[in-house]
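Following: one structure in structure tokens, then a few remarks.
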Amino acid sequence: MNRRKVEAYIREHQDHVAIAKLKRNIPLTDRDLSALEEMLFSAAEIESRQRFEEVFGQTKSLKLLILEIVGLDPAGIRVAARQAAKQAFACYLQGTNFSANQIRFIENIIDFPAKNGVIEPGALSGPPFTDNHAEGLDGRFNY
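Counting from 1 along the sequence shown, just add 28 to a position and that's the residue number in the working numbering.
Printed below as a string of structure tokens:
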């Protein structure tokens with residue numbers, strides 16, 4: 029087994045349900061992940077999990093490795109996640125009574141990880157979340 033054979037095998041199986049979900053930034057269920065591992069580690073091109081890990085190492089998750097092989101880099105993954113979150117938020121907003129400032133606050137929450145990778149809870153009490161209200165989250169929503 030070599031890296032090129034494995035990469036070719038994964039690209040040839042991009043229609044596998046788990047790989048298709050990963051490409052669309054849809055979370056994998058435990059069942060999806062099990063099916064993906066079974067497909068990969070039982071393939072003649074890959075030989076076994078142990079051999080796979082010898083070639084690719086164990087530093088990256090299987091999900092991230094597959095995304096890189098099919099052409100999605102971490103920045104692309106963040107962009108896809110942002111787009112999926114914006115679509116979900118747009119659907120959620122239908123029939124709600126959020127103010128423009130509340131909507132902008134949530135949009136900042138969606139945008140922040142796409143630019144910075146992650147959002148730590150403490151970040152919610154600083155810019156850009158406090159740009160329109162000094163109290164950030166607490167100032168935008170009544171509990």
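Glycine residues also receive a C-beta, built at the ideal position from the N, C-alpha and C atoms.
Item, Value
"Pick from N136, T158, E96 that is closest to Q42, judged by C-alpha positions", "E96"
"Contact under 8 Å by Cβ, A113 with I138", "yes"
"Closest by C-alpha distance to L50, when choosing among A151, E163, I94", "I94"
"contact_flag[the region 74-90, the region 31-48] where n(CB pairs < 8 Å) is 3 or more", "yes"
"Residue closest to V107, alpha-carbon to alpha-carbon, out of D159, A142, S62, M29", "A142"
"Touch test, the region 119-136 against the region 161-169, Cβ-Cβ under 8 Å, three pairs minimum", "yes"
"Residue span of the alpha helix (DSSP H) that contains F140, given as start and end", "128-144"
"Start-end ranges of the alpha helix (DSSP H) lying completely within the region 51-111, minimum 4 residues", "58-70, 77-84, 90-97"
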